[in-house]
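Asks: Input: one structure, supplied below.
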Amino acid sequence: MNKILFILCCLSINPIISQESAIPKTRHPRIEILKSKKVSKTLNARAHTIIRDKNAKRVMVRCKINPLDGQIDINAFSLVDTKNKLRYRLSDVTAYYAFGGPKINRYWKEKPINKKGKEIEVSYAEYNPLIKDTFLDYTFSDYKISETRFPFSSGQNISNYYGKVESKRKFTADFYFVLEKDLLDESSYALYFGNEMLGSVDF
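Those letters in the sequence shown? Residues 118 to 320, per the working numbering, in order.
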């Protein structure tokens, strides 16, 4: 697909008090969609989860991101099916430079448990209810939210997570979503950052 360059722009206009009054600007990250494709549900070097649902398909959207203030909220990203009125929550994310990668702070939505229902520790992310999950800060009227719990290879049943990427320079991010397989060819998808559409994507 063609590269899509998107710059979130917003001007906050206040009443003019004098000729020297300036119009303040709200800055937003610069985000470029590089590619989108279907990926394996089980064999994926960058994704940390496996998908066992036969009626599910994992897809990936790759973006180049220039963050502001040294971080970006990963839960502001969502994949929207405009035809079937579904908003898919991010299932996994990886971030990297040409060499190495930025830090990703991940927080579980729910306490991780094993098959017996016992609370466990998973080093991949931490549970901290004091840190806000911002996904629901962005509203899509008449859209249903779709999100999935993920079994890890060791058998734990884990909720998905939220968090931020810390970086003071440009990086590449792979965003993973789990879609309903039966709807995959009958849908129209767009990647959103908050309530702003970054662009349409195909799989």
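By construction, the Cβ of each residue, glycine as well, lies at the ideal position given by its N, Cα and C atoms.
Does the beta-carbon distance from T256 to N192 come in below 8 Å?
Replies: For T256 and N192, no; Cβs fall outside 8 Å.
Asks: For K158, I'd like the list of residues in its chain whose CB is within less than 6 Å of its CB, leaving aside the five on either flank, ordered along the chain.
Replies: Contacts found: I168, R175.
Asks: Give every residue of the same chain whose Cβ lies closer than 8 Å to the Cβ of I237, excluding the five residues on either side of it in the sequence, and list them in chain order.
Replies: Taken in chain order, the residues that qualify are P229, I230, N231, Q273.
Asks: By DSSP, does N192 sit in helix, in strand, or in coil?
Replies: N192 falls in the helix class under three-state DSSP.
Asks: Three Cβ pairs or more, each shorter than 8 Å: is that satisfied between the stretch 193 to 202 and the stretch 300 to 310?
Replies: Yes: at least three Cβ pairs fall under 8 Å.
Asks: Enumerate in chain order the residues of its own chain whose CB-to-CB distance from Y224 is below 8 Å, with the five nearest sequence positions on each side excluded.
Replies: A242, E243, Y244, N245, I248, D250, Y278, Y279, G280.
Asks: List the residues that DSSP assigns as beta-bridge partners of K263.
Replies: Residue identity check: residue 263 is Ser in the sequence provided, not Lys. According to DSSP, S263 bridges with Y205.
Asks: Under 8 Å, do V239 and A290 count as touching if we go by C-beta distance?
Replies: Not closer than 8 Å, so no.
Asks: Quick check: the Cα distance between L207 and I262, rounded to an integer number of angstroms?
Replies: Going from the Cα of L207 to the Cα of I262 covers about 11 Å.
Asks: Looking at C-alpha atoms only, which residue of S153, R147, F194, L300 is the closest neighbour of R179?
Replies: Closest by alpha carbon: S153.
Asks: Answer yes or no: do P146 and L185 have a C-beta to C-beta separation smaller than 8 Å?
Replies: It is a contact, given that the beta carbons lie within the stated cut-off.
Asks: Look at the Cβ atom of E91, then the Cβ atom of A173, and state whether they are nearer than 8 Å.
Replies: What is shown of the chain runs 118 to 320, which leaves residue 91 out entirely.
Asks: Under three-state DSSP, which class holds K152?
Replies: Looking at K152 - three-state DSSP - the assignment turns out to be strand.
Asks: Express the C-alpha separation of D170 and F123 in angstroms, rounding to a whole number.
Replies: Confidence at F123 is low in this model, with a pLDDT of 37, below 50, so the placement of that residue should be treated as unreliable; the coordinate-derived value is given next. Distance between the alpha carbons of F123 and D170 is about 34 Å.
Asks: Under a three-way DSSP split, which group does D302 fall into?
Replies: Note: D302 maps to helix in three-state DSSP.
Asks: Indicate the three-state DSSP secondary structure (helix, strand or coil) for F123 in the structure shown.
Replies: In this predicted model, F123 has a pLDDT of only 37, less than 50, meaning its place in the structure is not dependable; the value taken from the coordinates is given anyway. F123 falls in the strand class under three-state DSSP.
Asks: Where does L253 fall in DSSP's three states?
Replies: Note: L253 maps to helix in three-state DSSP.
Asks: Using the Cβ count rule (16 or more neighbours within 10 Å means buried), how would you classify F216?
Replies: Label assigned to F216: exposed.
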